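Since the structure comes first, as structure tokens, the remarks are kept for the end.
Number of protein chains: 2
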Amino acid sequence: MNQIKRPTLILDKDKCQSNISKMVDKANRMGVDFRPHFKTHQSHVIGRWFRDYGTSKITVSSLSMAGYFIGDGWQDVTIAFPFNLREIDLLGELSGKAEINQTILSLYVAEELDKKLRNDIFTWVEIDTGAGRTGLRWNDFDKLDELLEFLKKSVKLNFQGFMVHAGHTYRARLKEEVVFIFDDSMEKLATLKQRYQSLFPGLKISWGDTPSCSILDSLPGVDEIRPGNFVFFDIMQSIIGSCNESDIAVALACPVVALHPERNTVIVYGGGVHLSKDSMILQDGTEIFGKIALPKGDKWESSLKNAYVSSLSQEHGILKIGSEELNRIKDGDLVYILPVHSCMTADLMQSYCLPDGSCIDHMSAKLLKSWH
Amino acid sequence: MNQIKRPTLILDKDKCQSNISKMVDKANRMGVDFRPHFKTHQSHVIGRWFRDYGTSKITVSSLSMAGYFIGDGWQDVTIAFPFNLREIDLLGELSGKAEINQTILSLYVAEELDKKLRNDIFTWVEIDTGAGRTGLRWNDFDKLDELLEFLKKSVKLNFQGFMVHAGHTYRARLKEEVVFIFDDSMEKLATLKQRYQSLFPGLKISWGDTPSCSILDSLPGVDEIRPGNFVFFDIMQSIIGSCNESDIAVALACPVVALHPERNTVIVYGGGVHLSKDSMILQDGTEIFGKIALPKGDKWESSLKNAYVSSLSQEHGILKIGSEELNRIKDGDLVYILPVHSCMTADLMQSYCLPDGSCIDHMSAKLLKSWH
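Chains as they are written, first to last, in our numbering: chain A, 1 to 372; chain B, 1001 to 1372.
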């Protein structure tokens, strides 16, 4: 740790592998297929840890990411992102190398794919059950009928079922809210399943999101789960209730560059370009950009009770810390920031360091950042 | 533009060079030294455009960035960031290659530098006149006396003056507020100048921030300015009043991947990992993550009146667009997002494309993102 000179994302491999193994076990116990979302880690090495636990199907959020993982031997990949017509050549190329599952949201895109693709792919229709981001509304039967009838006729676009990302669980703070969202979504999906079962007898339900996959004990009606964030977890998930803070597997090690005890402030080298500007509003109205932990051996302690990241500039992190804890910190020390949203922090940092000093790949490694 | 497949940061070179030339002219007219902050663009090529307009001194926000620009021939560099004791070897190396100006905030750091550096450097003391981020409080005379007396005795740490980043101008929405912040800060700095002028007869005032350098007609008492964002500007600056929206020189070109006219929503490929999660709250309470413009030739039109980026996921951008404008957009089209905070967007995108298809370097190029 003494060799860390600049903001560095530290990965606790034990915690990460434990998070993976627990979710694998849970999927087995619930009898659902496990297709974890790899957009959180974007790493070949971490992907292989999943493989060691028996995972063979994955989810990604872009065709570029699909290519990255197909390049490491993954043979069954779902792209859980509306198809981008400008990448039809890349989809063609990838579908020649692996089994591709692509979400489809519109007849126009389906027609274009059917016309222009040479290989067959599997397709899923994304349904919005209330999150309000992407997906066809579960009761937009005009559009659904039209699209599913087209998919029925298409030889290339093998329809598999409905895909849901119930992103509104991220706003939940009680288990009961997550239960409500799940039950409500599954009722809507049951209507759909009934409507289209004669057309597609084997149609499946693929279910996303870390909160429901972590918090709920069973997921009746679901055939496949696609959680992603659980591989690292983060402060947001600990506040939602998906994990304990001690399950969080990544922390940004930041050098302390200024102390302002008169205003309970510590400035670290580590800002928005490292951590991302994701924040959460606590129940008392405080906006936090991360929690703070002090070093312990080559990892980190429990987070400081009386402390949080209060704002971020491009390279500055502004930490508010109670006087007693602040007295334990001096210029040149390292502090650890537990991120609000680990997917974004990992994407920005683009590599992981293990406490032993070795590094792990991230798809978008900022190679030039290590110019010296 | 038809070749754009994925989110791409487009740079309008004419606007960028015009922004540079106007700020150079203004600094000349005001009789202040011009030391632009290069953290916004982080690009050798754009740096050379400044050089073409006569710029010879620059500001950066990290030692890594100093090294990047020294590597392109810059010989006079200010690191406007509290010194990070873990990088003392790198500072030693860089100070052998160029004139380094380093901000210092504490006696402890000054003592360490004085003890361990072999080369001389210039030093500046950062003063907080009200922004509340970094810097010694302007009236913390105990600490200031102690630090400045030490710097007076030090042979290596040649004290130059006081550096201010009046970041609270970013919260201003009226010219009068910026005038107030400037006048208030300069009164505080005048007190300091008077107090320490006998110790340091030639001490200078270095002044940062794009809003005041853009909005104010003169900066009496200031010796040097360090604006950065003006090279591109962004939606935040247009709302503050530093620029017109037509001065904004960068926009993120994003493929349209889904249309939801029933809820006035368009989904683009382009999310938090491309644009950053910086947002602004408009006067009516709406939180926006960017404004939206449609293509015009190989650039973009004025922003759509009835439209904004309402939220961002990792790769999804969720746009709210009035029905009339939405009818002009279809799957596979490109739309342009004018960023709320161009520094962060550029850092995430890590390269610039000109409308002719050529690309410009960014210090932290995501080389692996173009794996295929």
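Positions of the beta carbon are idealized from the N, C-alpha and C atoms, including for glycine.
A quick note: this is a predicted structure, and the numbers were derived from the prediction, not measured.
For residue i, go through chain A and note every residue whose CB falls closer than 7 Å to its CB, in chain order.
i: B:L1085; result: D331, G332
i: B:I1235; result: Correct list: empty, because the minimum Cβ distance to chain A is about 15 Å.
i: B:T1134; result: A258, I267, H316
i: B:P1201; result: Ordered by position in chain A, no residue passes the 7 Å Cβ test against B:P1201, which lies about 28 Å from the chain.
Comparing C-alpha positions only, which one of the options sits nearest to residue i?
i: B:A1346; options: B:S1311, B:P1261, B:E1224, B:F1038; result: B:F1038
i: A:K152; options: A:N264, A:G228, A:S43, A:T123; result: A:T123
i: B:D1128; options: B:H1260, B:P1261, B:M1163, B:L1157; result: B:M1163
i: B:Q1237; options: B:H1274, B:D1284, B:L1192, B:H1168; result: B:H1168
i: B:T1055; options: B:Y1068, B:D1076, B:G1071; result: B:D1076
i: B:V1231; options: B:I1281, B:F1050, B:Q1350, B:K1116; result: B:F1050
i: B:L1011; options: B:E1126, B:G1241, B:S1364, B:L1338; result: B:L1338
i: B:D984; options: A:N139, A:I215, A:G357, A:L85; result: For chain B, the structure presents residues 1001 to 1372; residue 984 of chain B sits outside this window and is missing.
i: B:S1364; options: B:E1245, B:A1027, B:M1065, B:F1034; result: B:M1065
i: A:K15; options: A:D361, A:I281, A:A251, A:K175; result: A:A251
i: A:K26; options: A:D217, A:A166, A:E149; result: A:D217
i: B:A1080; options: B:P1261, B:D1120, B:L1063, B:A1253; result: B:L1063
i: B:Q1003; options: A:P227, A:E87, A:R173, A:N229; result: A:E87
i: A:R417; options: A:M23, A:G92, A:E245; result: Residue 417 of chain A falls outside the range modelled here, since chain A spans only 1 to 372, and no answer is possible.
i: A:I360; options: A:G241, A:H260, A:S43; result: A:S43
i: B:Y1170; options: B:F1141, B:P1295, B:G1132; result: B:G1132
i: B:G1270; options: A:P82, A:K115, A:D89, A:Y68; result: A:P82
i: A:Q194; options: A:D145, A:S212, A:T134, A:S18; result: A:D145
i: B:C1243; options: B:F1289, B:K1175, B:K1188, B:S1206; result: B:K1175
i: A:K330; options: A:A258, A:N19, A:G31; result: A:A258
i: B:N1229; options: B:M1001, B:M1023, B:K1005, B:R1006; result: B:M1023
i: A:N139; options: A:Y68, A:F180, A:S185, A:K116; result: A:S185
i: B:E1126; options: B:S1206, B:F1069, B:I1070, B:F1150; result: B:S1206
i: B:D1183; options: B:Q1197, B:V1155, B:S1212; result: B:S1212
i: A:K116; options: A:S154, A:M30, A:S18; result: A:S154
i: A:Q374; options: A:R6, A:R328, A:K5, A:Y53; result: This structure cannot settle anything about residue 374 of chain A, because the visible part of chain A is limited to 1 through 372.
i: B:T1103; options: B:R1328, B:T1134, B:L1090; result: B:T1134
i: A:N28; options: A:G357, A:I225, A:R263, A:S358; result: A:I225
i: A:K143; options: B:H1260, B:I1058, B:M1280, B:S1246; result: B:H1260
Listing by chain order, which chain A residues have their CB less than 8 Å from the CB of residue i?
i: B:S1276; result: G272, S276, K277
i: B:S1302; result: Within chain A, no residue comes near B:S1302; the closest Cβ sits about 24 Å away, beyond 8 Å.
So with CB distances below 8 Å, who are the chain B contacts of residue i?
i: A:C343; result: Q1314
Do you know offhand how far residue i's Cα is from residue j's?
i: B:T1008; j: A:T40; result: 22 Å
i: B:V1340; j: B:K1291; result: 8 Å
i: A:Y336; j: A:L113; result: 47 Å
i: B:L1107; j: B:R1048; result: 37 Å
i: A:I235; j: A:L192; result: 35 Å
i: A:A307; j: A:A293; result: 9 Å
i: A:A190; j: B:K1305; result: 41 Å
i: A:I267; j: B:V1060; result: 17 Å
i: A:K97; j: A:I215; result: 36 Å
i: A:G272; j: B:M1344; result: 8 Å
i: B:E1287; j: B:I1318; result: 12 Å
i: A:F34; j: A:I239; result: 25 Å
i: A:S276; j: A:L348; result: 7 Å
i: A:A110; j: A:F159; result: 11 Å
i: A:L94; j: A:L157; result: 15 Å
i: A:T210; j: A:H165; result: 10 Å
i: A:D72; j: A:V45; result: 9 Å
i: B:Q1283; j: A:W74; result: 49 Å
i: B:K1013; j: B:C1254; result: 19 Å
i: B:N1101; j: A:K5; result: 20 Å
i: B:R1328; j: B:P1295; result: 11 Å
Run the proximity test for residue i: is its beta-carbon closer than 6 Å to any non-hydrogen atom belonging to the ligand FMN?
i: A:G228; result: Here there are no bound small molecules, and the ligand FMN is not part of this structure.
Residues of chain A with a CB under 9 Å from the CB of residue i: which are they?
i: B:P1255; result: N84, L85, R86, E87
Chain B partners of residue i, CB-CB under 9 Å?
i: A:S61; result: G1271, S1313, Q1314, E1315, H1316
Inset, instruction - Could you tell me whether the region 1303-1312 of chain B touches the region 1197-1217 of chain B, where touching means 3 or more Cβ pairs closer than 8 Å? - result: no
Legend entry - Within 9 Å of chain B by C-beta, residues of the region 305-324 of chain A in sequence order: S311, S313, Q314, E315, H316, I318
Legend entry - Sufficient close CB pairs (3 or more, under 8 Å) joining the region 1219-1231 of chain B to the region 1292-1304 of chain B: no
Inset, instruction - Anything in the region 12-45 of chain A with a Cβ closer than 8 Å to a Cβ of chain B? List those residues in chain order, please. - result: K39
Inset, instruction - Check each residue of the region 100-132 of chain A: if its Cβ is closer than 7 Å to any Cβ of chain B, include it; give the result in chain order. - result: L105, S106, Y108, V109
Inset, instruction - Scan the region 1343-1358 of chain B for residues whose Cβ lies nearer than 9 Å to a Cβ of chain A and list them as they occur along the chain. - result: C1343, M1344, D1347, L1348, Q1350
Inset, instruction - Take every Cβ of the region 1320-1330 of chain B, pair it with every Cβ of the region 351-360 of chain A, and state whether three or more of those distances are shorter than 8 Å. - result: no
Inset, instruction - Pull out every residue of the region 1072-1083 of chain B whose Cβ sits closer than 9 Å to any Cβ of chain A, in chain order. - result: F1081, P1082, F1083
Legend entry - Interface residues of the region 1177-1188 of chain B facing chain A [CB-CB below 9 Å]: none
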